[in-house]
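In the numbering used here, the protein residues as written are 5 to 543.
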């Protein structure tokens, strides 16, 4: 695949990121993009790869026979390796690559065929010896090659890499550029950004970016030295910072277009894996990651156990005794159990998306279904919520913190508990997708919990709540779960110093339909927010 760009202009507000950039790159070339920080190197890479759309200009991909400019990502099989090593560090390398292969390769690819493709890229990148090692335990250079391996699984004709040698020692950086050179020699067109002058020795071409997103030079390293009248690449950086830097010079006397290796041809042209297969792979991968992440596993299993123990200490036995009951105590016990369901679902959801945004964005570029991703989180966590639901209600009943009642009452309580937790889980996914880190997710937790506590109708009964408060309470899933619990348990709430009134006057099915409505709306919202965060150009 060769690349031609004509008049690329890309701005962010009043700042010009790319300023009328035109260039041509031959098939099978190894090309370095250099320039000062902020000169637009990464922006140019993303524009060429189709990850950011310029306001003006065009990018054309061709293999010499066909024009792939209509959709460079699908037709030219573009691979993009970002600067950060955004792969799951908890899993072994071969398992990580197998999951990636099953997500990226065509729907007709079998698991055995995907495993053979994994073996192929491990061999190409000299990673076979560390195939069973956890990604987080690999060296810096090995992790860089692992990131490249993820993209090579789809046999791309063009590879873009953002500062692949950043943070590596000189020897490791040299070895990685040798790998890039070998990929180009095999027929792939390889374009990468770099700040290291040592990376340029094996390149066919160098693109030199100046401030304001201007392309100042395109040609061989030798021609660049001659053009800027300097003796070393390091001096070029000084030359391009001078006022009135040299305009573009296109040196077309380069290594020449290389004929792609016959084994490359044009890679997989068929569609990516189906949404159903992606959902299965993502669910399995999420389960494997969870098992290997001890902190998350402790939170998922430990927090329900801790809360149940605190409830056993907080609530006295026989609080629902009809001969010695107390309306206020009944309301408080009922509310806090309902809130526990909300709390568990919310905390489970908050842990899920924020830590995977860079991985999600990268996989979205490769055709990942957003619905498959969101529903994989639901599939992973629903079994936990079901177990927590049943165990918590059973333990509180055994300890006499809940009243004796027929089994159908407890089945109704269990359904309400689960629906409330599932609605909160979807809310947690929305919030997790909206923030950037687990620290921000931790800050979001009390912000989402306080309204659920204050407007549920337990602290301040709905009949005496201000009009604005009642309106807000309508949109609190926990309010409807609390009323449903109160209905099943026959709880009466105090509305004035001497007056009590029945809570939960509607049938259980009414409350379940309301909670199901929350689930549908919040699940759709999670899909929208995840899709927005997964956009290649989203920041």
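Glycine residues also receive a C-beta, built at the ideal position from the N, C-alpha and C atoms.
Closest by C-alpha distance to residue 438, out of 393, 381 and 357, is 357. Residue environment analysis places residue 59 among the exposed positions, since fewer than 16 neighbouring C-beta atoms fall within 10 angstroms of its C-beta. By a beta-carbon distance limit of 8 Å, residue 389 does not contact residue 520. Their separation comes to about 15 Å. Your pair residue 316 and residue 403 checks out as a contact, with CB atoms roughly 5 Å apart and the cut at 8 Å. Three or more beta-carbon pairs separated by less than 8 Å link the stretch 180–190 to the stretch 203–211, which places the two stretches in contact. Where residue 368 is concerned, the enclosing alpha helix (DSSP H) starts and stops at 361–369. Taking C-beta atoms under 8 Å as the contact rule, residue 198 and residue 176 fail to qualify, at a distance of about 14 Å. For residue 132, same chain residues with a beta-carbon under 6 Å away, outside a window of 5 residues either side, are 126 in chain order. Exclusion of the five residues before and after residue 462 leaves 335, 336, 338, 339, 486 and 497 as the residues of its chain whose Cβ lies within less than 8 Å of its Cβ. Between the stretch 435–455 and the stretch 411–421, the count of C-beta pairs closer than 8 Å stays below three; the two stretches do not touch.
Between the stretch 50–57 and the stretch 221–240 there are fewer than three inter-stretch CB-CB distances shorter than 8 Å, so the stretches are not counted as touching.
Annotation for residue 374: 531, 534, 535 and 538 place their beta carbon closer than 7 Å to its own, counting only its chain and skipping 5 residues before and after. Within the model, the alpha-carbon separation for residue 455 versus residue 480 is close to 8 Å.
Distances from the alpha-carbon of residue 302 to those of 381, 105 and 352 put 352 closest. In this structure, DSSP gives residue 147 a helical state, which the three-state scheme calls helix. When DSSP reads this structure, residue 60 sits in a beta bridge with 13. The three-state secondary structure of residue 37, taken from DSSP, is strand.
Residue range 374–402 is occupied by the alpha helix (DSSP H) that includes residue 399. Apart from the 5 residues on each side of it in sequence, residue 114 has no Cβ closer than 8 Å to any other Cβ in its chain.
Judged by pairs of C-beta atoms under 8 Å, the stretch 30–47 touches the stretch 206–218, as three or more such pairs exist. Between the alpha carbons of residue 21 and residue 167 lies a distance of about 18 Å. By the criterion of at least three beta-carbon pairs nearer than 8 Å, the stretch 89–98 is not in contact with the stretch 38–54. By the neighbour-count definition (other C-beta atoms within 10 Å, threshold 16), residue 310 is an exposed residue. In the structure shown, residue 162 adopts extended strand secondary structure according to DSSP, grouped into three states.
The residue among 525, 457 and 370 with its C-alpha nearest the C-alpha of residue 434 is 525. Here the alpha carbon of residue 416 sits roughly 7 Å from the alpha carbon of residue 512. Between residue 376 and residue 460, the C-beta gap is not smaller than 9 Å, which leaves the two residues out of contact. According to the DSSP secondary-structure assignment, residue 85 is paired through a beta bridge with 165.
Between residue 65 and residue 162, the C-beta gap is smaller than 9 Å, which places the two residues in contact. Following the DSSP letters along the chain, one finds residue 28 inside the beta strand (DSSP E) bounded by residues 19–29.
For the set 396, 157, 384 and 408, the Cα lying nearest the Cα of residue 294 is the one of 384. DSSP, reduced to helix, strand and coil, places residue 192 outside both helices and strands of the structure shown, so it counts as coil. Bounds of the beta strand (DSSP E) holding residue 211 are 209–214.
Annotation for residue 138: no beta strand (DSSP E) segment contains it, and DSSP assigns it neither H nor E. Annotated three-state conformation of residue 117 is helix, per DSSP. Residue 285 holds the alpha-carbon nearest to the alpha-carbon of residue 102 among 134, 395 and 285.
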